[in-house]
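Participant:
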Amino acid sequence: MDGPLMTLSGLTYTYPGGRDPVIDGLDFTISEGASLGLIAPNGSGKTTLFHLMMGLLKPQAGVLTAFGREVTGEKGFREVRRRVGFLFQDADDQLFSPTVIEDVAFGPRNLGMGPEEARSKARAVLLELGLAGYEDRITFRLSGGEKRMVALATVLAMDPDLLLLDEPTTGLDHETFKRLVAVLQASKVARVVISHDFDFLEKVADSMCSLVRGKIVMDEGLHLHRHAHVHRHGDNPHYH
Amino acid sequence: MDGPLMTLSGLTYTYPGGRDPVIDGLDFTISEGASLGLIAPNGSGKTTLFHLMMGLLKPQAGVLTAFGREVTGEKGFREVRRRVGFLFQDADDQLFSPTVIEDVAFGPRNLGMGPEEARSKARAVLLELGLAGYEDRITFRLSGGEKRMVALATVLAMDPDLLLLDEPTTGLDHETFKRLVAVLQASKVARVVISHDFDFLEKVADSMCSLVRGKIVMDEGLHLHRHAHVHRHGDNPHYH
Amino acid sequence: MHISEGVLSAPVLIAGAVVAAGGVAYGLKRMDGEGTVSAALVTSAFFVASLIHLNIGPASVHLVLNGLVGLVLGWAAFPAIFTGLLLQALLFQYGGLTTLGVNTVVMAAPAVAVSLMLSPLITRKGRMGAVASFGCGFLAVFFSSLLLAAALVFTGENFKVIAWASVIGNAPVMVVEGFFTAFVVSFLRRVYPELLLCLTPEPPQMEERI
Amino acid sequence: MNEPFIDIDSPIHRTSPAVRVAVAFLLSLVTALAKTPVVPLAALVLGVFSVLVARLPLGAVAKRLLPLCFFLILLWVVLPFTGGGPVLHTFGPLTVKADGLNLALLISLKAFSILLVLMALVSTLHTFAMGHALYALGMPEKLTFLIVMSARYISVIEREYQKLRNAARMRGFQPDTSLHSYRTFAHLAAMLLVRSHLRAGRVYNAMVLRGFDGRFRLLTDSRPEGLRGCLPQTAVMAFSVVVLVALEVAVRMGWGLFNC
Ligand SMILES: Nc1ncnc2c1ncn2[C@@H]1O[C@H](COP(=O)(O)OP(=O)(O)OP(=O)(O)O)[C@@H](O)[C@H]1O
Ligand SMILES: Nc1ncnc2c1ncn2[C@@H]1O[C@H](COP(=O)(O)OP(=O)(O)OP(=O)(O)O)[C@@H](O)[C@H]1O
Ligand SMILES: [Mg+2]
Ligand SMILES: [Mg+2]
Numbered sequence: 001m002d003g004p005l006m007t008l009s010g011l012t013y014t015y016p017g018g019r020d021p022v023i024d025g026l027d028f029t030i031s032e033g034a035s036l037g038l039i040a041p042n043g044s045g046k047t048t049l050f051h052l053m054m055g056l057l058k059p060q061a062g063v064l065t066a067f068g069r070e071v072t073g074e075k076g077f078r079e080v081r082r083r084v085g086f087l088f089q090d091a092d093d094q095l096f097s098p099t100v101i102e103d104v105a106f107g108p109r110n111l112g113m114g115p116e117e118a119r120s121k122a123r124a125v126l127l128e129l130g131l132a133g134y135e136d137r138i139t140f141r142l143s144g145g146e147k148r149m150v151a152l153a154t155v156l157a158m159d160p161d162l163l164l165l166d167e168p169t170t171g172l173d174h175e176t177f178k179r180l181v182a183v184l185q186a187s188k189v190a191r192v193v194i195s196h197d198f199d200f201l202e203k204v205a206d207s208m209c210s211l212v213r214g215k216i217v218m219d220e221g222l223h224l225h226r227h228a229h230v231h232r233h234g235d236n237p238h239y240h
Numbered sequence: 241m242d243g244p245l246m247t248l249s250g251l252t253y254t255y256p257g258g259r260d261p262v263i264d265g266l267d268f269t270i271s272e273g274a275s276l277g278l279i280a281p282n283g284s285g286k287t288t289l290f291h292l293m294m295g296l297l298k299p300q301a302g303v304l305t306a307f308g309r310e311v312t313g314e315k316g317f318r319e320v321r322r323r324v325g326f327l328f329q330d331a332d333d334q335l336f337s338p339t340v341i342e343d344v345a346f347g348p349r350n351l352g353m354g355p356e357e358a359r360s361k362a363r364a365v366l367l368e369l370g371l372a373g374y375e376d377r378i379t380f381r382l383s384g385g386e387k388r389m390v391a392l393a394t395v396l397a398m399d400p401d402l403l404l405l406d407e408p409t410t411g412l413d414h415e416t417f418k419r420l421v422a423v424l425q426a427s428k429v430a431r432v433v434i435s436h437d438f439d440f441l442e443k444v445a446d447s448m449c450s451l452v453r454g455k456i457v458m459d460e461g462l463h464l465h466r467h468a469h470v471h472r473h474g475d476n477p478h479y480h
Numbered sequence: 481m482h483i484s485e486g487v488l489s490a491p492v493l494i495a496g497a498v499v500a501a502g503g504v505a506y507g508l509k510r511m512d513g514e515g516t517v518s519a520a521l522v523t524s525a526f527f528v529a530s531l532i533h534l535n536i537g538p539a540s541v542h543l544v545l546n547g548l549v550g551l552v553l554g555w556a557a558f559p560a561i562f563t564g565l566l567l568q569a570l571l572f573q574y575g576g577l578t579t580l581g582v583n584t585v586v587m588a589a590p591a592v593a594v595s596l597m598l599s600p601l602i603t604r605k606g607r608m609g610a611v612a613s614f615g616c617g618f619l620a621v622f623f624s625s626l627l628l629a630a631a632l633v634f635t636g637e638n639f640k641v642i643a644w645a646s647v648i649g650n651a652p653v654m655v656v657e658g659f660f661t662a663f664v665v666s667f668l669r670r671v672y673p674e675l676l677l678c679l680t681p682e683p684p685q686m687e688e689r690i
Numbered sequence: 691m692n693e694p695f696i697d698i699d700s701p702i703h704r705t706s707p708a709v710r711v712a713v714a715f716l717l718s719l720v721t722a723l724a725k726t727p728v729v730p731l732a733a734l735v736l737g738v739f740s741v742l743v744a745r746l747p748l749g750a751v752a753k754r755l756l757p758l759c760f761f762l763i764l765l766w767v768v769l770p771f772t773g774g775g776p777v778l779h780t781f782g783p784l785t786v787k788a789d790g791l792n793l794a795l796l797i798s799l800k801a802f803s804i805l806l807v808l809m810a811l812v813s814t815l816h817t818f819a820m821g822h823a824l825y826a827l828g829m830p831e832k833l834t835f836l837i838v839m840s841a842r843y844i845s846v847i848e849r850e851y852q853k854l855r856n857a858a859r860m861r862g863f864q865p866d867t868s869l870h871s872y873r874t875f876a877h878l879a880a881m882l883l884v885r886s887h888l889r890a891g892r893v894y895n896a897m898v899l900r901g902f903d904g905r906f907r908l909l910t911d912s913r914p915e916g917l918r919g920c921l922p923q924t925a926v927m928a929f930s931v932v933v934l935v936a937l938e939v940a941v942r943m944g945w946g947l948f949n950c
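Protein chains in written order, with our numbering: chain A, 1 to 240; chain B, 241 to 480; chain C, 481 to 690; chain D, 691 to 950.
1. Jot down the residue ranges of each uninterrupted beta strand (DSSP E) in the stretch 374-411 of chain B, minimum 3 residues, whole runs only, in chain order.
2. Sorry if obvious, but does the Cβ on Thr409(B) come closer than 6 Å to a heavy atom of ligand 1?
3. Our contact map puts Met208(A) next to Ile39(A) with C-beta atoms below 8 Å; I'd like the distance itself, whole angstroms only.
4. Tell me, to the nearest whole angstrom, how far the beta carbon of Val71(A) is from that of Val84(A); I am working on the premise that it is less than 8 Å.
5. Which word fits Cys616(C), buried or exposed, when buried means at least 16 other C-beta atoms lie within 10 angstroms of its C-beta?
6. Which stretch, first to last residue, makes up the alpha helix (DSSP H) that contains Asn895(D)?
7. Rounded to whole angstroms, what's the CA-CA distance from Ala557(C) to Gly609(C)? Just pull it up for me.
8. Which partner residues does Cys209(A) have in the DSSP bridge list?
9. Using 6 Å as the cut-off, classify the Cβ of Asn42(A) as near or not near the heavy atoms of ligand 1, replying yes or no.
10. Kindly list, in the order they appear in chain D, the residues whose Cβ is closer than 7 Å to that of Arg388(B).
11. Examine ligand 4 and report whether any of its heavy atoms sits within less than 6 Å of the Cβ of Lys286(B).
12. Please list, in chain order, the residues of the stretch 287-298 of chain B that have any C-beta partner in chain D closer than 8 Å.
13. By alpha-carbon positions, which one of Leu758(D), Glu850(D), Ala788(D) and Thr874(D) ends up nearest to Gly775(D)?
14. Mind checking which residues open and close the beta strand (DSSP E) that includes Phe28(A)?
15. Within 10 Å of its beta-carbon, does Cys920(D) have 16 or more other beta-carbons around it, so buried, or fewer, so exposed?
16. Would you kindly work out how many angstroms separate the C-alpha atoms of Pro914(D) and Pro922(D), rounded to a whole number?
17. Do Leu371(B) and Met389(B) have their C-beta atoms closer together than 7 Å?
18. How long is the line joining the alpha carbons of Ala422(B) and Thr416(B), rounded to whole angstroms?
19. From what residue to what residue does the beta strand (DSSP E) around Ile696(D) run?
20. Just to confirm before moving on: does the CB-CB distance between Ala525(C) and Ser886(D) stay below 7 Å?
21. Please report how far the alpha carbon of Ala823(D) lies from the alpha carbon of Leu521(C), in whole angstroms.
22. Check Asn650(C) in the structure and name its three-state DSSP category.
23. Quick check on DSSP: helix, strand or coil for Ser524(C)?
24. Tell me the DSSP secondary structure of Ala539(C) in three-state form.
25. Pull up the DSSP beta-bridge partners for Val303(B), would you.
26. How would you call His174(A), buried or exposed, if buried means at least 16 neighbouring beta carbons within 10 angstroms?
27. Please report the distance separating the alpha-carbon of Pro865(D) from that of Gly133(A).
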């Protein structure tokens with residue numbers, strides 16, 4: 001397949017009861033092999049955009065084309081959801097099974113694999129993410145970073161063609177952070193990554209975009225900033 | 241009263257199951273009229289320190305003196321909690337009443353005011369924070385920034401002698417941010433403010449401290465950094 | 481509110497198990513996939529809330545909450561309460577396995593009954609709604625204590641005194657539950673009416689849930 | 691919550707969950723339906739033995755028995771004065787009857803022995819393992835899912851409750867006997883309900899995104915693998931069930947012979 005993986009055009013969404021549209025006539029194309037970083041202020045609608053792309057919210061206007069077909073209705077999105085992996089902002093919402101192996105095997109089971117096949121698929125993915133030995137761990141006892149990695153495993157177990165990651169680095173300790181970067185750098189799956197962490201995005205994304213007033217703003221404007229410039233230290237105190 | 245509001249000495253706390261102490265022989269004094277900024281990396285124990293000061297966690301060693309008396313046991317902290325206002329890191333955890341006015345009046349009610357008196361106290365505080373008209377709004381439907389301001393109102397309604405604010409600026413939009421700064425600048429209540437935002441702390445705190453390996457490090461070391469230096473832009477994209 | 485192991489006679493245990501199985505099966509049949517997920521999380525919330533202790537003078541009682549479970553879950557109260565009791569038996573050894581049926585009926589039948597009886601009134605604004613929701617909490621516990629007494633009396637004449645004592649002893653709990661339920665319903669009606677079954681004949685749209 | 695009983699290494703902990711749940715249920719049933727103290731006594735011995743074999747911390751076991759003790763005290767205060775049979779003793783207007791006394795004794799034996807057996811065999815399971823065991827024993831998939839998932843989120847919601855409770859404490863809230871106190875707890879509980887329902891929406895979305903179509907497909911241990919490691923224990927447990935049943939049958943038949 002050659003065309004874009006997903007194309008949004010003129011997408012508009014207002015929350016019920018909200019006054020202004022959060023997503024407002026947005027156009028966006030994700031091509032094969034893309035790896036995009038999406039960086040924008042709190043509340044600008046990043047999560048909402050992902051929900052629209054997965055059919056969890058219904059836009060008031062606009063067209064979504066995925067894998068060469070226009071997608072409408074619950075049926076259409078079922079296909080999209082099989083091929084697009086979405087990592088939630090809160091891992092506790094995504095890990096609903098009691099043990100790690102059950103959670104990772106949940107997707108493959110629903111894709112029609114038998115219990116044994118799903119199990120071995122799950123084991124393979126866990127191994128790949130450096131989570132071997134986690135099979136029988138209890139999900140709610142995992143630490144924040146472990147939860148995040150397992151959630152990523154649940155998504156990867158479905159062999160997605162496109163990954164949507166919503167702030168995958170929040171709450172990660174340094175070790176897990178590095179492991180995540182390594183996994184993403186090794187993976188060839190197309191992806192869109194939301195994060196507030198510019199350094200992280202630089203490592204895992206080829207180009208950047210932002211959301212301004214409900215529209216996607218691409219790369220060009222942002223590249224201007226990828227240079228060292230004078231800036232008062234605005235973060236944690238260091239000792240040089 | 242003249243002595244310090246609160247003195248911690250030799251405070252040590254290890255989370256159950258944790259290996260290293262998060263707070264490790266910490267000494268800290270908050271004097272009357274102080275306004276301190278506390279800036280330290282994620283996971284360094286800032287929130288833990290506040291929880292220890294409020295008696296939500298029990299230290300394994302060390303002494304806490306507040307308002308001239310050594311504090312021990314649940315009974316002792318009851319007095320501390322009446323006089324110290326603590327703004328939680330997550331505003332969602334702080335608001336539990338159905339409407340804003342009920343939530344703000346909750347503290348004054350517990351301090352022994354009658355329903356009417358508590359209500360008018362609550363109204364006054366809301367007005368002061370620019371939240372007039374919010375009385376009957378439903379707390380859990382507020383936006384992140386609104387929740388934060390209402391949470392601040394619930395704390396201020398108890399007329400505290402000391403304010404502990406745990407990252408009060410997260411999720412605030414620009415307007416609300418400015419209002420918060422103005423409120424804090426106008427207030428004469430002693431305070432300790434946790435934030436990752438140096439610019440904000442500079443506006444609302446007289447001096448800075450940090451947490452390094454479980455101990456408080458004062459001002460001196462940090463002042464070195466309050467100069468402009470070369471730094472790659474590490475936050476949200478801007479357009480100059 | 482539950483009966484310990486080893487007290488009840490075989491006929492009572494069997495009758496309880498049969499009725500409970502029917503109720504649970506019917507409750508399950510009425511739940512779709514999304515309903516099951518909601519029921520599961522709401523059940524955990526009720527489980528946690530039932531650990532709350534309220535003071536009555538020097539004593540403290542813990543909440544039963546079955547009236548509220550009925551209002552929120554309707555017929556799903558049967559599987560939800562079954563789940564709660566099973567977890568309690570496992571985690572705290574309250575009740576047991578053979579009494580699971582009887583205990584489920586004792587708690588869930590009144591829950592469904594009050595929700596069928598009083599749901600229409602709960603929607604009313606003002607005093608009527610408040611009284612109805614107080615009644616919900618009060619009556620659910622009252623009916624439960626009657627069922628519990630009945631289970632004891634059917635087991636043997638010897639238990640008559642204990643049966644009556646338990647009905648009377650639960651009277652303060654009924655009043656407290658009444659107030660508690662009224663407060664919770666008033667909160668939900670103002671803040672999140674979707675959660676009161678009677679206010680949402682149809683399941684809420686997906687958009688509202690995200 | 692049953693933390694003290696799990697994560698222990700013992701022959702019982704190594705036995706297949708389905709076997710443990712089935713045996714515990716059968717033992718409870720025989721004991722609960724026993725007509726004489728013979729089987730409950732045997733079950734009591736078995737229960738104590740199982741608790742020891744499972745290496746349960748005895749302090750925690752005693753703590754779990756406390757609520758039952760309170761209930762039994764109530765029973766002992768009332769029951770001996772009820773029913774028929776020979777009068778054993780007289781306190782003013784009250785007479786202690788043999789029937790009532792025997793019944794109180796019988797119930798106490800039954801309750802203690804069942805509780806001990808449950809503690810040793812079932813409370814040593816994780817909640818989700820019990821869910822799967824029940825599924826293996828024929829419980830419907832949807833109900834299993836309901837049980838396992840609410841067990842999963844109890845600790846998450848419990849943590850949320852603690853935070854809200856702390857927030858109330860921070861604002862000077864002292865529980866007492868008053869409507870204000872009841873209202874405050876009601877608000878905490880209601881907020882908990884609202885949040886759990888909102889979370890349910892998000893969890894359901896997560897499931898849908900992973901291909902959930904309303905059909906629950908559980909991932910359970912395949913049967914032979916489940917039994918392989920624990921044949922000796924299974925045999926012992928099955929044997930004890932058979933012995934207790936046989937004992938009860940013998941008692942009833944003997945009892946019948948005596949009567950005629
Ligand atoms: N369920 C909802 N109902 C109404 N408004 C909502 C809802 N969810 C989000 N919003 C609003 O929509 C806007 C966009 O929210 P969204 O969560 O998409 O932002 P975001 O860019 O992901 O922010 P963050 O960086 O904080 O995750 C916000 O102003 C938010 O208040
Ligand atoms: N309940 C807990 N149990 C065990 N460890 C904990 C718990 N809460 C926090 N910790 C650990 O204690 C350390 C300090 O946590 P704390 O929340 O105090 O940090 P913080 O400085 O407030 O960080 P942040 O800037 O992210 O809010 C962290 O390493 C954290 O993982
Ligand atoms: Mg977001
Ligand atoms: Mg913190």
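Don't be surprised by glycine CBs; every beta carbon is placed ideally from N, CA and C.
Facilitator: Reading it off the structure:
1. You should have 402-406.
2. The answer is no for Thr409(B).
3. Right, the Cβ-Cβ distance comes to about 6 Å (below 8 Å), so this counts as a contact.
4. Under the criterion of beta carbons closer than 8 Å, Val71(A) and Val84(A) do not qualify as touching, at roughly 11 Å.
5. By the 10 Å Cβ count, Cys616(C) comes out buried.
6. If you look at Asn895(D), you'll find it in the alpha helix (DSSP H) that goes Leu869 to Leu899.
7. Distance between the alpha carbons of Ala557(C) and Gly609(C) is about 21 Å.
8. For Cys209(A), which the question treats as bridged, DSSP gives the partners Leu38(A) and Met218(A).
9. The answer is yes for Asn42(A).
10. Within chain D, no residue comes near Arg388(B); the closest Cβ sits about 14 Å away, beyond 7 Å.
11. At least one heavy atom of ligand 4 is nearer than 6 Å to the Cβ of Lys286(B), so yes.
12. So the close ones are Met294 and Leu296.
13. For the residues Leu758(D), Glu850(D), Ala788(D) and Thr874(D), the minimum Cα distance to Gly775(D) belongs to Ala788(D).
14. Unbroken beta strand (DSSP E) run through Phe28(A): Ile23 to Ile30.
15. Residue environment for Cys920(D): buried (at least 16 other C-beta atoms within 10 angstroms of its C-beta).
16. Summary for Pro914(D): the model assigns pLDDT 45, below 50, so the residue's position carries little reliability; its value from the coordinates is reported in the next sentence. A straight line joining the alpha-carbon of Pro914(D) with that of Pro922(D) spans about 15 Å.
17. Against a cut-off of 7 Å, the Cβ pair of Met389(B) and Leu371(B) comes out as a contact.
18. One C-alpha to the other measures close to 10 Å.
19. Unbroken run through Ile696(D): none, as it is neither H nor E.
20. One thing to note: Ala525(C) has its Cβ within 7 Å of the Cβ of Ser886(D).
21. Roughly 21 Å separates the two Cα atoms.
22. In the displayed model, Asn650(C) falls within coil according to three-state DSSP, outside both helix and strand.
23. Helix at Ser524(C).
24. Ala539(C): strand per DSSP, three-state reduction.
25. Looking at the DSSP assignment, Val303(B) forms a beta bridge with Ser249(B).
26. Taking all protein chains in view, the Cβ of His174(A) is surrounded by fewer than 16 other Cβ atoms within 10 Å, so the residue is classified as exposed.
27. Using only the alpha carbons, I get a separation of about 46 Å.
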